Amino acid sequence: MAVVLTGALSACGEQEPDPERVASWREDYCWDLSAWQRLTHDPPEKGYDNEPGLTAAAVISAAKVIDREHLDHAGSHILYDTSQTVSHNDQDAEKRVSEYCAAVGFETLMKYL
């Protein structure tokens, strides 16, 4: 009886995330990825004091939210690809995460597709 009740209660507690929160999480991720791309690929502007390491950490943190909420596409490994992108300059992984952002409506933020 306890197993049935536990299963029923856990099923009731599962809800789809609010679409506005989903959009916000995706936007945060794509903004952070875009900032990392600019710092990494463009020559720094005078007075531009953002650290690539801090920006990389922000992208990883945002990717963790996308991963935790299962907001990546089927077959996608957003957290792994993001860490490969920012830690190892993996261009294939960067292309995949950029394509993810384009697919969820933030293609204009992506510098390198």
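Quick note on numbering: the sequence shown equals residues 7 to 119 in my numbering.
Glycine included, C-beta positions come from ideal geometry on N, C-alpha and C.
Predicted, not measured: the structure shown is a model, and the values here were computed from it.
Rounded C-alpha distance that separates residue i from residue j
i: residue 115; j: residue 43; result: 10 Å
i: residue 112; j: residue 90; result: 21 Å
i: residue 30; j: residue 103; result: 17 Å
i: residue 61; j: residue 25; result: 26 Å
i: residue 92; j: residue 80; result: 22 Å
i: residue 32; j: residue 68; result: 8 Å
Start-to-end residues for the alpha helix (DSSP H) that takes in residue i
i: residue 80; result: Counting along the chain, residue 80 falls outside any alpha helix (DSSP H), and DSSP gives it neither H nor E.
i: residue 96; result: Where residue 96 is concerned, there is no enclosing alpha helix (DSSP H), given that its DSSP letter is neither H nor E.
i: residue 58; result: 58 to 74
i: residue 5; result: Outside the shown range of the chain (7 to 119) lies residue 5, about which nothing can therefore be said.
Contact set for residue i: own chain, Cβ-Cβ below 7 Å, skip 5 residues either direction
i: residue 117; result: 40, 43, 44, 47
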